[in-house]
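J.: In the working numbering, the protein residues as written are 46 to 399.
C-beta atoms are modelled at their ideal positions from N, C-alpha and C, and glycine is treated no differently.
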Amino acid sequence: MEIKIQKTATPAEKPDSSTLGFGKVFTDHMFIMDYTAGEGWHDARIVPFGKVEIHPASTVLHYGSEIFEGLKAYRKADGSVQMFRPIENIRRMNRSAERMCLPQIPEDLALEVLTKFIEFEQEWTPSAEGTSLYIRPFMFGNDESLGVHSVKNATFMIITSPVGSYYKEGINPVKIMIETNDVRAVRGGTGEAKCGGNYAASNRAGDRAEKLGYSQVLWLDGVERKYIEEVGAMNVMFKIGGEIVTPMLAGSILPGITRKSIIELLKSEGYAVSERLISIDELAEALENGTLEEAWGCGTAAVVSPIGELCYKDNKYVINEGKIGEVTQHLYDTLTGIQWGKVEDTFGWTYKIN
Ligand code: PLP
Ligand code: COI
46 MEIKIQKTAT PAEKPDSSTL GFGKVFTDHM FIMDYTAGEG WHDARIVPFG KVEIHPASTV
106 LHYGSEIFEG LKAYRKADGS VQMFRPIENI RRMNRSAERM CLPQIPEDLA LEVLTKFIEF
166 EQEWTPSAEG TSLYIRPFMF GNDESLGVHS VKNATFMIIT SPVGSYYKEG INPVKIMIET
226 NDVRAVRGGT GEAKCGGNYA ASNRAGDRAE KLGYSQVLWL DGVERKYIEE VGAMNVMFKI
286 GGEIVTPMLA GSILPGITRK SIIELLKSEG YAVSERLISI DELAEALENG TLEEAWGCGT
346 AAVVSPIGEL CYKDNKYVIN EGKIGEVTQH LYDTLTGIQW GKVEDTFGWT YKIN
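1. Looking at the C-beta of I323, does it have a partner C-beta in chain D at a distance below 7 Å?
2. Quick check: what's the CA-CA separation for S62 versus T381?
3. Report yes if the C-beta distance between T373 and E339 is below 7 Å; otherwise report no.
4. Is P300 helix, strand or coil by DSSP?
5. Quick one: is H74 buried, meaning 16 or more other Cβ sit within 10 Å of its Cβ, or exposed?
6. Give me, in chain order, the residues of the same chain whose beta-carbon lies closer than 6 Å to that of N134; leave out the 5 immediate sequence neighbours on both sides.
7. Which complete alpha helix (DSSP H) runs does the segment 288-336 hold, if anything under 4 residues is left out?
8. DSSP puts N280 in a beta bridge; with which residues?
9. Got a sec? Which residues, its chain only, sit under 7 Å from T104 by beta carbon, not counting five neighbours each side?
10. Please list the terminal residues of the continuous alpha helix (DSSP H) segment that includes V231.
11. M293 and E320 - do their beta-carbons sit closer together than 7 Å?
12. Since D79 sits in a beta bridge, which residues does DSSP pair it with?
13. Should L337 and A331 be called a contact, given that it needs their Cβ atoms to be closer than 7 Å?
14. Consult DSSP for V372 and reduce its assignment to one of helix, strand or coil.
15. Considering only their Cβ atoms, is the gap separating T53 from P93 smaller than 7 Å?
16. Write down every uninterrupted run of the beta strand (DSSP E) in the segment 160-227 whose length is 3 residues or greater and which is fully enclosed by it, in chain order.
17. CB-CB under 6 Å to P148, same chain, minus the five flanking residues each way: which ones, in chain order?
18. Can you give me the Cβ contacts of M282 inside the same chain, cut-off strictly under 6 Å, excluding the 5 residues immediately before and after it?
19. Might you give, ordered along the chain, the residues of its own chain that have their beta carbon closer than 8 Å to the beta carbon of E288, omitting 5 neighbours on each side?
20. If I'm right that L159 touches I203 with Cβ under 8 Å, what's the distance once you round it to whole angstroms?
Dropping the structure here:
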């Protein structure tokens, strides 16, 4: 598809890589493409980064018709730039779109516009240790009417942001609170879709946890409040008595690409990994009898984040003396090594931009 390009007349100065947090600085341009039922995707364009005009009755403003993705571009030591498993994000975006009654983007079109836009903005990919260019594709329903039904008009955009660590702790262990009041998702709901509403509804618990000094909450299942699901912006994994376990994908948690990559990586190295139900009772027992050896969250923004403390019903449990565990460190090193091109990518996960 032809992409019209309008270059900014006022390019911004690149930020100092050592001061980057997460998602606060944006690059000079953004990508936009519109969808009209019967016509498909059209008017692909790269324009200067800036505000978007939207009709006050637009579907997204009233009925939350929105999905998003998150992936990163990494600068290798030789100066080239690569993405990590972009096709996985495109496939998940289309699954989210299906759930939220938004239009599909053919995989080859999505990959083409993503690659062209990242190539266009590539000089914004930072090179300092631990930094990357966070890529946020998103789509919203954009009918200019208040009726409640699936949309005939939608907009797809990509914005990019040079980032450092997601948590202020960096690779140091974070403290997580197990949420016992609010729930995030139920099977048949929207938990496995990456839609904005899931995050809006999780902020109340997240804010409560933050006030108590925790980085995020760990969700329990929405029916019995008995089974571990995932953390606010990450999937979760545990090493209990030598076994690596992670909640199975049963419809209410996000099928994380980092999660999938870690499972593939660990299995290729001969580790046994179980995707199964993990009850809070099993976890509490393992915390109490010391068989919970390691816990970590995993996601694009947070990469691999060791969990040093879990709080459940006012009981505080320190894991591995609050230090990063051996498997967690190994996963962080290997995954980031592949992403930044320091470790050979035998899986074919990386996707070169230039
Ligand atoms: N779970 C939630 C709720 C998330 O927001 C994310 C981040 O995208 C993840 C899990 C991890 O997914 P991925 O590894 O694809 O980034
Ligand atoms: C990501 O890891 O890409 C995410 O989307 C997490 C985000 C909600 C901060």
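T.: This is what the structure gives:
1. Going by chain labels, chain D is absent from the structure shown, which holds only one protein chain.
2. 17 Å
3. yes
4. coil
5. buried
6. E114, L116
7. 302-313, 325-334
8. C343
9. S110, G186, N187, D188, V196
10. Taken as a continuous stretch (DSSP letters only), V231 belongs to no alpha helix (DSSP H), as it is neither H nor E.
11. For E320 and M293, yes; Cβs fall inside 7 Å.
12. H87, T200
13. Yes, the Cβ-Cβ distance between L337 and A331 is below 7 Å.
14. helix
15. yes
16. 177-186, 198-208, 219-223
17. These residues qualify, in order along the chain: Y80, A199.
18. T291, W341
19. A317, S319
20. 7 Å
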